[in-house]
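> Numbering (the UniProt record's numbering), first residue to last: 1 to 237.
Ideal Cβ placement from N, Cα and C applies to all residues, glycine included.
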């Protein structure tokens, strides 16, 4: 599991308590520092929802990826409202858990939004997750997966089901299955994955960019009407 959450309890969107050891095992984890009062956060969160949905909910098999929301909201009620209204189906650290202050100190969080991508041991892969998603779309996940040394027979969203390659090795995650094959099978599967993922990610990035443009002019799926400059602003905490 991600050691940074050892001994903690997380929440899901239904309000149920979740064991981090089970939920985060063999996964790349994005720690999302955010708040509902922050305009750039409200601008980026729907984009992160689209990214997460395509990787985890529409991927076959789902990507080895999870997000943990760490709130900078002013109250528990504010956090719950923001979490349920705008966030994806990922996890959250309870607002009452003061451990959030230790996390902000550990990862040097001085402003939100901030998406820190970490390995299982809590080491940072990148603290520029927000920028990478905006710049590269789904393609950045392949980089994170490689850096975390997690191998998966990941099928990019939109790939034809009949083209699944069975030779690519995967570690035993909660959603993955073990596959065996020859080295040649592995290389062929990996090449096929990289080509398909690149094409699909490029198309998805174009779609996200179009959605992003819509949000800049007030046409986003959540009706966000922030100014264009809010995209690059950070709200200090």
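1) So for residue 149, helix, strand or coil by DSSP?
2) Which full runs of the beta strand (DSSP E) of 3+ residues lie inside the UniProt domain "Thioredoxin" (1-150), going along the chain?
3) Exposed or buried, residue 51, counting other C-beta atoms within 10 Å across all chains shown (16 or more means buried)?
4) Just to confirm before moving on: does the CB-CB distance between residue 238 and residue 44 stay below 8 Å?
5) Out of 5, 13, 237, which has the shortest C-alpha to C-alpha gap to residue 86?
6) Note down the Cα distance separating residue 61 from residue 114, rounded to an integer number of angstroms.
7) Compute the Euclidean distance between the alpha carbons of residue 191 and residue 147, then round it to the nearest angstrom.
8) Once DSSP output is grouped into helix, strand and coil, what is the label at residue 237?
9) With distances taken Cα to Cα, identify the nearest neighbour of residue 150 among 120, 89, 139.
10) In this structure, does DSSP put residue 188 in helix, strand or coil?
11) Kindly list the residues whose CB is nearer than 8 Å to the CB of residue 124, restricted to its own chain and excluding five residues on each side of it in sequence; keep chain order.
12) Find the nearest neighbour of residue 73 within the set 90, 21, 18, 97, judged by alpha-carbon distance.
13) Between residue 99 and the rest of its own chain, which residues show a CB-CB distance below 8 Å, the 5 nearest in sequence each way excluded?
14) Which same chain residues, not among the five before or five after residue 63, have their C-beta less than 7 Å away from its C-beta?
15) Can you tell which of 143, 95, 138 has its C-alpha closest to the C-alpha of residue 59?
16) I'd like to know whether the C-beta atoms of residue 37 and residue 71 end up nearer to each other than 8 Å.
17) Using only the alpha-carbon positions, how far apart do residue 244 and residue 10 sit?
18) Rounded to the nearest angstrom, what separates residue 128 and residue 143 at their Cα positions?
19) Less than 8 Å between the CB atoms is what I'm expecting for residue 237 and residue 111, so what's the real figure, rounded?
20) Might you give, ordered along the chain, the residues of its own chain that have their beta carbon closer than 6 Å to the beta carbon of residue 78, omitting 5 neighbours on each side?
Quick look at the numbers:
1) Residue 149 falls in the coil class under three-state DSSP.
2) 28-34, 65-71, 114-118, 124-126
3) buried
4) Beyond the ends of the chain as shown, which are 1 and 237, falls residue 238; an answer cannot be given.
5) 13
6) 27 Å
7) Confidence at residue 191 is low in this model, with a pLDDT of 45, below 50, so its placement is unreliable and no value can be given for it.
8) Residue state for residue 237 is assigned as coil, using DSSP reduced to three classes.
9) 120
10) Low confidence applies to residue 188: its pLDDT is 46, below 50, so where it sits in the model is not reliable enough to give any reading.
11) 107, 116, 117, 118
12) 97
13) Same-chain partners within the cutoff: 8, 93.
14) 55, 56, 141, 154
15) 138
16) no
17) In the structure as shown, the chain begins at 1 and stops at 237. Residue 244 is therefore absent and cannot be evaluated.
18) 13 Å
19) 6 Å
20) 36
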